[in-house]
Amino acid sequence: TTFYHQPLPYCNISKIWQDLKQSSEAEKRRTTIQVFNKENRWRKRGMSIVPLRWGVMYVPGLRFTAYVAIFRKDGTVCITHGGVEIGQGINTRVCQVAAYILGYGLTVDQISIRPATSFLNPNGDATGRSIASELCCEAVINCCNMLKERISLIAKDMPQATWGEIIDKCYGLGIDLSAKYMVLPKAGQPYNYNIYAATCTEVEIDVLTGETEILRTDILFDCGKSMNPEIDIGQVEGAFVMGLGYWLTEQAIYDPSSGLELTNGTWDYHPPFSKDIPIDFRVSLLKNVPNPLGILGSKAVGEPPQCMSCSCLFALQDAIYHAREETGHDKDYFPLDGPATVEVTQLKCLVDPSQFIM
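According to the UniProt record's numbering, the sequence shown is numbered sequentially starting from 1.
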């Protein structure tokens, strides 16, 4: 249970932790890191393994609508929903869900997404909180179930008919080929379900300059029964890299007297670039763990991976500890806040100029 006594059903963090340690060869690599650090004074490596539990709440009162229409000429399906496509793949998920629920050989190529309007999708809420895709899919599922219930009355007498022929017959019999549904989550437990994951990150630092290289990151993420593994893995990678900027490079500096932002361009403010991401980046989704509490067994995969990027900060702190060993400060605790820029990293290493010996 959580500290406020909410049960954690279907908790698989122990399996994830053990599987990740094995797949990342963490113990073997840690030994290699120790050897490397003993042999190198001015370059140090560090490693960190971080677990994650993220509670997903379908916020009570949020409204997401969907409208699904089938056209009798060719059987194509048009959908408009209350979410916003911002690169998270919501439109692809909605198309896949519609094809899966309606069945009868319908493919995603026959489904199109039309822009949301305040006429068809009024009073909607913001896309965010990692739940918009799920709730829009739930709205589409309900629309498709309504349509399928109507269509199945006709389709049962047409076992050899194509999807288009079934739809044309339904039209001829005056069946409504459109449906609308609004999802409205109700109040209940603080979280509808939990997401679990673990991350192992290894970094190497240049003690003299403070530059950091992320040598390898392994992520094992539980997204239930993934609707689209390619999208989900892309979301994990993208969110993790976004978090790297917060922890390592994106330092905001303001003028103390005027409050003017001084880091107002990429010359001074540094989002992650191609050289900042892990050199070896391995993302896996936990297999055979459908989520009974989610939509079609799936789980959200938006914000949680961003939190997992903190593993790079802890790995960096581990590397700095090894650098400080050389100066006799290995037992001293030191805070390391984000963003741990090259300047911060170099200063935390407590470089002693008296050791500059060829």
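Glycine included, each C-beta is placed from N, C-alpha and C at the ideal position.
The structure presented is a predicted model; accordingly, all values stated were derived computationally and were not measured.
Expected contact under 8 Å - CB spacing of residue i and residue j to nearest Å
i, j, result
"Val207", "Arg53", "So it is not a contact: roughly 35 Å between Cβ atoms."
"Gly124", "Arg63", "6 Å"
"Gln133", "Val56", "The sequence as given places Ser at residue 133; Gln does not occur at that position. Ser133 to Val56, Cβ: 12 Å. No contact."
"Ile175", "Thr127", "No, Ile175 and Thr127 are not in contact; Cβ-Cβ is about 33 Å, not under 8 Å."
"Ile70", "Leu147", "7 Å"
"Gly302", "Gln88", "6 Å"
"Ile205", "Thr345", "6 Å"
"Ser298", "Met227", "5 Å"
"Thr249", "Val50", "19 Å between Cβ atoms; not a contact."
C-alpha gap between residue i and residue j, whole angstroms
i, j, result
"Pro290", "Thr80", "27 Å"
"Val59", "Pro7", "19 Å"
"Gln110", "Tyr67", "16 Å"
"Ser112", "Gly294", "25 Å"
"Glu325", "Pro278", "26 Å"
"Thr76", "Glu165", "12 Å"
"Gln22", "Ala139", "40 Å"
"Ala155", "Ser178", "17 Å"
"Ala315", "Arg216", "11 Å"
"Pro115", "Ile233", "26 Å"
"Thr27", "Ser48", "Here residue 27 is Glu; the residue named in the question, Thr, does not match the sequence. When rounded, the distance between both Cα atoms is 11 Å."
"Tyr181", "Thr65", "6 Å"
"Asn12", "Val97", "26 Å"
"Gly224", "Leu286", "7 Å"
"Lys169", "Pro292", "37 Å"
"Ser14", "Asn288", "15 Å"
"Tyr254", "Thr209", "24 Å"
"Arg93", "Gly105", "18 Å"
"Lys275", "Val236", "18 Å"
"Val342", "Glu211", "5 Å"
"Ser354", "Thr327", "10 Å"
"Tyr191", "Asn40", "48 Å"
"Cys136", "Ser24", "36 Å"
"Phe356", "Val35", "22 Å"
"Pro229", "Ile195", "16 Å"
"Asp332", "Cys349", "12 Å"
"Val183", "Ser258", "47 Å"
"Ile167", "Gly103", "12 Å"
"Lys73", "Asn142", "24 Å"
"Thr1", "Pro9", "9 Å"
"Arg282", "Glu149", "43 Å"
"Ile33", "Ile16", "23 Å"
"Tyr193", "His329", "44 Å"
"Pro335", "Glu213", "20 Å"
"Ser284", "Pro256", "45 Å"
"Phe273", "Ile231", "21 Å"
"Thr201", "Ala340", "16 Å"
"Asn145", "Ala252", "50 Å"
"Gln18", "Ala197", "11 Å"
"Ile90", "Ala239", "16 Å"
"Arg30", "Thr266", "35 Å"
"Leu20", "Leu347", "33 Å"
"Asp280", "Pro122", "45 Å"
"Val108", "Pro304", "28 Å"
"Tyr4", "Cys307", "22 Å"
Short CB-CB distance (under 9 Å) between residue i and chain D
i, result
"Asp330", "Among the chains in the structure shown there is no chain D, since it carries only a single protein chain."
For residue i, the residue or residues it bridges with in DSSP
i, result
"Trp54", "Ile195"
"Ser48", "Thr201"
"Arg72", "Answer is none; Arg72 lacks a bridge partner."
"Ile111", "Val77"
"Tyr171", "In the DSSP output, where bridge partners are listed per residue, Tyr171 has none listed."
"Arg43", "Asp206"
"Thr65", "Met182"
beta-carbon residue i near the ligand HEM non-hydrogen atom, thresh 8 Å
i, result
"Arg72", "The model on display carries no ligand, and the ligand HEM is accordingly not part of it."
With three or more C-beta pairs closer than 8 Å as the rule, is the segment 161-175 touching the segment 319-337?
no
Inter-stretch contact at 8 Å, needing at least 3 Cβ pairs: the segment 261-276 / the segment 186-198:
no
Within the chosen definition, does the segment 229-245 reach the segment 303-313 through at least 3 CB pairs nearer than 8 Å?
yes
Should the segment 80-91 be called in touch with the segment 216-225, which here means at least 3 C-beta pairs below 8 Å?
no
Hey, which unbroken runs of the alpha helix (DSSP H) at 4 residues or more fall wholly within the segment 174-258?
229-244
Unbroken beta strand (DSSP E) runs of length 3 or more, entirely within the segment 245-331: which are they?
280-285
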